[in-house]
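Participant: Sequence order for the protein chains is A and B. Heads up: the first sequence begins at 1 in our numbering, then just goes up one per residue. Heads up: the second sequence begins at 1001 in our numbering, then just goes up one per residue. Just so you know, even glycine gets a beta-carbon here, dropped at the ideal spot from N, CA and C.
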Amino acid sequence: MLSLLSELPQYWTEGAIRALEGYRRGISDSYPVEDDPPPLTPYDVIYEGGKVSLRRYAAQGPRRATPLLICFALIKRPYILDLLPGRSLIETMTKNGFETYLIDWIPPNRSDTWRGFDAYVNQDIDNAAHAVMEREGVDQISLLGYCFGGLLSTMYTALHQDTVKNFIPLTLPFDMSVSDIPSNSIVHRMSDDTVKMITHIYGNCPASIMNAGFTSMSPVHHALDKYVGLYRNKETPGYSKMFELFERWMNNDVPLAGQIFRELIIDVFKKNLVPQSQFVAGGRRVELKNITCPVLNVVADNDDVVAPRSSLPFIDAIASRDKANLTFPAGHVGAIVSSAAQKKLWPQVCNWLADHDA
Amino acid sequence: MASPAQNSKDLASLYKMLFIELPTTSSKALLGLGEDGALEQTVWKAYDTGIRLVNRSTDSLYQNPFFGDALGRSLPGLLQAQRLTSAVSGAAFAAWRSLTGLAGAAEIHAVRSEIRDLRRELSSLIAALPERAATDEQVDLRDEEAEEDFIRALDGRLQAVSTNGHVAKAA
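1. Report the option in A:113, A:118, A:57 whose CA atom is closest to the CA atom of residue 98 (chain A).
2. Below 6 Å CB to CB, which residues in the same chain sit around residue 211 (chain A) once its five sequence neighbours on both sides are set aside?
3. Rank A:37, A:304, A:144 by C-alpha distance to the C-alpha of residue 100 (chain A) and give the top, closest one.
4. Do you know how far the Cα of residue 1146 (chain B) is from the Cα of residue 1165 (chain B)?
5. Once DSSP output is grouped into helix, strand and coil, what is the label at residue 264 (chain A)?
6. Return no unless some Cβ of chain B is closer than 8 Å to the Cβ of residue 250 (chain A).
7. Indicate whether the contact test is met: 3 or more Cβ pairs, each with one atom in the segment 169-176 of chain A and one in the segment 309-324 of chain A, closer than 8 Å.
8. In three-state DSSP terms, what is residue 253 (chain A)?
9. Is the beta carbon of residue 304 (chain A) less than 8 Å from the beta carbon of residue 331 (chain A)?
10. How about residue 194 (chain A): is its C-beta nearer than 8 Å to some C-beta of chain B?
11. Residue range of the alpha helix (DSSP H) that residue 49 (chain A) falls in?
12. Can you name, in chain order, every residue of its own chain whose Cβ lies under 8 Å from the Cβ of residue 1171 (chain B), other than the five neighbours on each side?
13. Quick one: Cα of residue 260 (chain A) to Cα of residue 223 (chain A), how far?
14. Does any C-beta atom of chain B lie closer than 8 Å to the C-beta of residue 155 (chain A)?
15. Look at the Cβ atom of residue 158 (chain A), then the Cβ atom of residue 286 (chain A), and state whether they are nearer than 8 Å.
16. Please work out which residues of its chain come closer than 8 Å, Cβ to Cβ, to residue 1029 (chain B), disregarding the five sequence neighbours upstream and downstream, and give them in chain order.
17. Could you check whether the Cβ of residue 1076 (chain B) sits closer than 8 Å to any Cβ belonging to chain A?
18. So with Cβ pairs under 8 Å, would you call residue 1071 (chain B) a contact of chain A?
19. According to the neighbour-count rule (16 or more other Cβ atoms, all chains shown, within 10 Å of its Cβ), is residue 291 (chain A) buried or exposed?
20. Is residue 1 (chain A) close to chain B, meaning its C-beta is less than 8 Å from at least one C-beta of that chain?
21. Per the DSSP calculation, residue 143 (chain A) is bridged to which residue(s)?
22. If you pair each beta-carbon of the segment 22-38 of chain A with each one of the segment 199-209 of chain A, do three or more pairs fall below 8 Å?
23. Counting only the same chain and skipping the five closest in sequence on each side, list residues whose C-beta sits under 6 Å from that of residue 220 (chain A).
24. Identify the continuous alpha helix (DSSP H) that holds residue 186 (chain A) and give its terminal residues.
25. For residue 285 (chain A), list the residues DSSP reports as bridge partners.
26. Show which residues of chain B have a CB atom less than 8 Å away from the CB atom of residue 190 (chain A).
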């Protein structure tokens, strides 16, 4: 146990290097996406436009009829979905016969400060969905949105219901009045002027501010406990490799376009307009009762980024008849990378999608 | 959210670990009476309880309206200070760069944009190639002619080397 004291400085040094590398990537005007680790599952890019690079992962074995489009969050790189064998959501979906498409968001640069929910939802996701439908020769897709990507997907489904056959929000930040997550209360106390000042100074919300927001959620964990965890599990096979990759991803924050940052903090977080169907994107009100397709709302029980109590009410706000909440004992990221989730959660999701495939 | 009851329970548990269990287990270990690894287990239990308590305290601090207000009020000041620092360092570095002749971020950005434009132009030219390209036979013929030109030039150079002992300069 005493060796922990001699190993901690080395862990901290490596952590500091990762943080500095993340900072360097974050301040680059053209975010170096080529720095991402190599993908586990091979893919080809079938469409590029706006801020979307659309990847196609071919289904393995007998193919399902409806392709799956995954909408990732705007604030991190998506390689967490395809990190290691046995811990890859992409691998799980393709092995279950789903032709899987992933929206790899191209990080914004100085000329993208104008981009708000309208541009991302009504242009980018819509273009990606149509590119998938055209390629597959279908009229509808299954849509899966993770975290902030879940919020974008919810807006898209409400505004373009005709193109979405099945919808799976995963750890969806929905009801922002829920104060279970401490950092939310800080966001609620930020004045609108402060939010506007950030974009006035920087144009986009810098990656370093996004990172500071995540780190401040659990400072002791980031400063000490995660390294102690690494020390205690250094004999566990694969732990240190997973730790390294996960920490690298944690330091892969990307900037958020100025307009969407303002809308997110002021309209989504502070005014909580989405659950009230009062949010407006591109002049159109996001009416949740427009969502009529089958919905499986996946919630992580131990989520400390999006409180389960924030995601669960989504089901009651939509008009779908075929809808359910699926809760799983995992954290925010564990729901996509843990081997337990690949063994127990995702097979259930695949079965649900298969039942709604015809 | 941490309730005061949970905090009290964790505090009592930590107190018990630090002042009862840890000294008892340490004494037993020193006397060789304890089980293998018992001391280590107790230390980790105390650590876990301490971390849980600290995390709950941090959460409570964030949810404290006074702390939230204070942080909310100090943010604009911090942002202004950072803006001022960036302006000062930007001006200083601009002067330093002009002295050393190094390129600034704006210049690098301009070069990058130019490269991007050139790439786009090249891609569009490549895309337009099939329309302008000759038939396969014409391409083959052109290749053969180029090959013959190359061989002729090489022969000429070899001849020059053999006569003068060095490669003659091209006219």
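Facilitator: Inspection of the coordinates gives the following:
1. Numbered from 1 along the first sequence, position 98 holds the residue referred to as residue 98 (chain A). Closest option to residue 98 (chain A), Cα to Cα, is A:57.
2. For the purposes of this step, residue 211 (chain A) is taken as residue 211 along the first sequence, with counting starting at 1. Within the same chain, residue 211 (chain A) has close Cβ partners 253.
3. Residue numbering aside, residue 100 (chain A) sits at position 100 when the first sequence is read from its first letter. Here the closest residue by C-alpha is A:144.
4. Taking the second sequence and counting its residues from 1, one reaches residue 1165 (chain B) at position 165. Taking the second sequence and counting its residues from 1, one reaches residue 1146 (chain B) at position 146. Bear in mind that the predicted position of residue 1165 (chain B) carries a pLDDT of just 45, short of 50, making it unreliable; the figure below should be weighed with that in mind. Just so you know, the alpha carbons of residue 1165 (chain B) and residue 1146 (chain B) end up roughly 27 Å apart.
5. Reading the first sequence from its first residue, position 264 is the one you call residue 264 (chain A). In this structure, residue 264 (chain A) counts as helix in the three-state DSSP scheme.
6. If you number the first sequence from 1, residue 250 (chain A) lands on position 250. No, because no Cβ of chain B sits closer than 8 Å to the Cβ of residue 250 (chain A).
7. Yes, since at least three Cβ pairs between the segment 169-176 of chain A and the segment 309-324 of chain A fall closer than 8 Å, the two stretches touch.
8. Residue numbering aside, residue 253 (chain A) sits at position 253 when the first sequence is read from its first letter. Here residue 253 (chain A) sits in strand by DSSP.
9. As a position in the first sequence, residue 304 (chain A) is number 304, starting the count at 1. As a position in the first sequence, residue 331 (chain A) is number 331, starting the count at 1. For the pair residue 304 (chain A) and residue 331 (chain A), the CB atoms are nearer than the 8 Å cut-off.
10. The sequence position of residue 194 (chain A) within the first sequence is 194, counting from 1. For residue 194 (chain A), the answer is yes, since a Cβ of chain B falls inside 8 Å of its Cβ.
11. As a working mapping, residue 49 (chain A) is identified with position 49 in the first sequence. Residue 49 (chain A) -> not in any alpha helix (DSSP H); beta strand (DSSP E) instead, spanning 44-49.
12. Taking the second sequence and counting its residues from 1, one reaches residue 1171 (chain B) at position 171. Caution applies to residue 1171 (chain B), whose pLDDT of 34 falls short of 50 and renders its modelled position unreliable; the value that the coordinates give is listed next. Spatial neighbours of residue 1171 (chain B) in its own chain (CB-CB distance under 8 Å, excluding positions within 5 residues in sequence) are not present.
13. Here residue 260 (chain A) refers to the residue found at position 260 of the first sequence. Here residue 223 (chain A) refers to the residue found at position 223 of the first sequence. A direct Cα-Cα distance of roughly 30 Å separates residue 260 (chain A) from residue 223 (chain A).
14. Locating residue 155 (chain A) in the first sequence gives position 155, counting from the first residue. Put simply, the CB of residue 155 (chain A) is far from chain B, with every gap to its CB atoms at 8 Å or more.
15. Within the first sequence, the letter at position 158 stands for residue 158 (chain A). Within the first sequence, the letter at position 286 stands for residue 286 (chain A). Contact annotation: residue 158 (chain A) and residue 286 (chain A) have beta-carbon atoms nearer than 8 Å.
16. Position 29 of the second sequence, counting from 1, holds the residue named residue 1029 (chain B). Close CB contacts of residue 1029 (chain B) within its chain, under the 8 Å cut and outside five residues either way in sequence, are with 1038, 1039 (chain order).
17. If you number the second sequence from 1, residue 1076 (chain B) lands on position 76. Chain A, which has a Cβ nearer than 8 Å to the Cβ of residue 1076 (chain B), makes this yes.
18. For the purposes of this step, residue 1071 (chain B) is taken as residue 71 along the second sequence, with counting starting at 1. For residue 1071 (chain B), the answer is yes, since a Cβ of chain A falls inside 8 Å of its Cβ.
19. Working through the first sequence from its first residue, we reach residue 291 (chain A) at position 291. A buried status is given to residue 291 (chain A), since no fewer than 16 other beta-carbon atoms sit within 10 Å of its beta-carbon.
20. Position 1 of the first sequence holds residue 1 (chain A). Judged by the 8 Å Cβ criterion, residue 1 (chain A) is in contact with chain B.
21. Position 143 of the first sequence, counted from the start, is the residue given in the question as residue 143 (chain A). DSSP lists A:69, A:167 as partners of residue 143 (chain A).
22. In the pairwise beta carbon analysis, the segment 22-38 of chain A is classified as touching the segment 199-209 of chain A: at least three pairs are separated by under 8 Å.
23. On the first sequence, position 220 is the one that residue 220 (chain A) refers to. In its chain, beyond the 5 residues on either side, no residue has a beta carbon closer than 6 Å to the beta carbon of residue 220 (chain A).
24. Numbered from 1 along the first sequence, position 186 holds the residue referred to as residue 186 (chain A). For residue 186 (chain A), the enclosing alpha helix (DSSP H) begins and ends at 182-189.
25. Taking the first residue of the first sequence as position 1, residue 285 (chain A) is located at position 285. BP columns for residue 285 (chain A) point to A:280.
26. On the first sequence, residue 190 (chain A) is found 190 positions in, with the first residue counted as 1. Those are 1072, 1075, listed as they occur along chain B.
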